[in-house]
Amino acid sequence: MAEQAMELELADEAATVALGGRLARAVIASGQGLTLFLEGNLGMGKTTLSRGFMRGLGHQGAVKSPTYTLVEPYEHLQPPTFHFDLYRLGDPEELEYMGIRDYFSGAAVCLIEWAERGAGILPPADLVVRLQRQGRGRKAMLLAGSAAGQRVLDLLASAAAPDSAG
392 MAEQAMELEL
402 ADEAATVALG
412 GRLARAVIAS
422 GQGLTLFLEG
432 NLGMGKTTLS
442 RGFMRGLGHQ
452 GAVKSPTYTL
462 VEPYEHLQPP
472 TFHFDLYRLG
482 DPEELEYMGI
492 RDYFSGAAVC
502 LIEWAERGAG
512 ILPPADLVVR
522 LQRQGRGRKA
532 MLLAGSAAGQ
542 RVLDLLASAA
552 APDSAG
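Count the sequence shown with my numbering and you get residues 392 to 557, in order.
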């Protein structure tokens with residue numbers, strides 16, 4: 392396997408949306424489902440990255456944070472994608488009552504904001520995207536947590552590399 396992590400600078404909101412789109416294309420190319428944790432303080436761009444991801448999968452409508460509903464399904468996309476925001480989760484056990492395990496099928500992609508609030512219930516992340524402030528922009532650290540996550544990182548890296556074939 393290649394490197395386990397990737398660090399990217401995101402100058403602005405447009406760069407964050409673009410990274411989400413690139414991630415979506417890498418997930419499509421990987422041909423597998425993925426559990427992706429989005430980490431960062433309030434206002435770091437987790438929902439912005441999710442918007443780019445959904446648009447990268449072809450979603451045309453609005454992408455809002457499911458802060459009150461906990462999950463926003465995008466089952467019409469390929470692969471089917473579920474966007475979770477666990478910020479307002481009172482207890483991880485609440486996830487069991489909503490049937491959380493049903494969302495993590497082999498083909499689905501689950502983007503999860505505030506995943507630490509579901510600790511002990513959520514499966515481990517295949518890929519973690521950690522967003523933090525850097526100057527006027529953001530820094531994104533992408534960390535593979537599984538072979539599936541590493542495949543997405545490898546695809547992302549190869550897509551960003553200059554074409555050496557000429």
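Here a beta-carbon is modelled for each residue, glycine too, at the ideal position from N, C-alpha and C.
Please read all numbers here as calculations on a predicted model, not as lab measurements.
Could you name each continuous beta strand (DSSP E) segment of 3 residues or more that falls completely within the region 435-516, going from the start of the chain to the end?
Counting only runs of 3 or more, we get 462-465, 472-476 and 500-504.
Terminal residues of the continuous alpha helix (DSSP H) containing R416?
Residues E404 to S421.
Where do the N-terminal and C-terminal ends of the beta strand (DSSP E) with Q523 fall, by residue?
Counted as a single uninterrupted DSSP element, the beta strand (DSSP E) harbouring Q523 occupies residues L518 to Q525.
Assign A393 to one of two classes, buried (16 or more other C-beta atoms within 10 Å of its C-beta) or exposed (fewer than that).
At A393, the pLDDT of 46 sits below 50, so the modelled position is not reliable and the matter cannot be decided from this model.
Label P515 either buried or exposed according to how many other C-beta atoms from any shown protein chain fall within 10 Å of its C-beta, with 16 as the threshold for buried.
With fewer than 16 other CB atoms across the displayed protein chains lying within 10 angstroms of its CB, P515 is exposed.
Looking only at its own chain, which residues have a Cβ that is under 7 Å from the Cβ of M532, when we skip the five neighbours before and after it?
In chain order, A396, E398 and R521 place their CB closer than 7 Å to the CB of M532, counting only its own chain and leaving out the 5 sequence neighbours on each side.
Should V418 and L410 be called a contact, given that it needs their Cβ atoms to be closer than 8 Å?
In this structure, V418 keeps its C-beta atom at 8 Å or more from the C-beta atom of L410.
Between the Cα of E463 and the Cα atoms of P483, T438 and G431, which residue gives the shortest distance?
For the residues P483, T438 and G431, the minimum Cα distance to E463 belongs to T438.
Between which two residues does the beta strand (DSSP E) carrying L427 extend?
Run containing L427: L425 to E430, per the beta strand (DSSP E) assignment.
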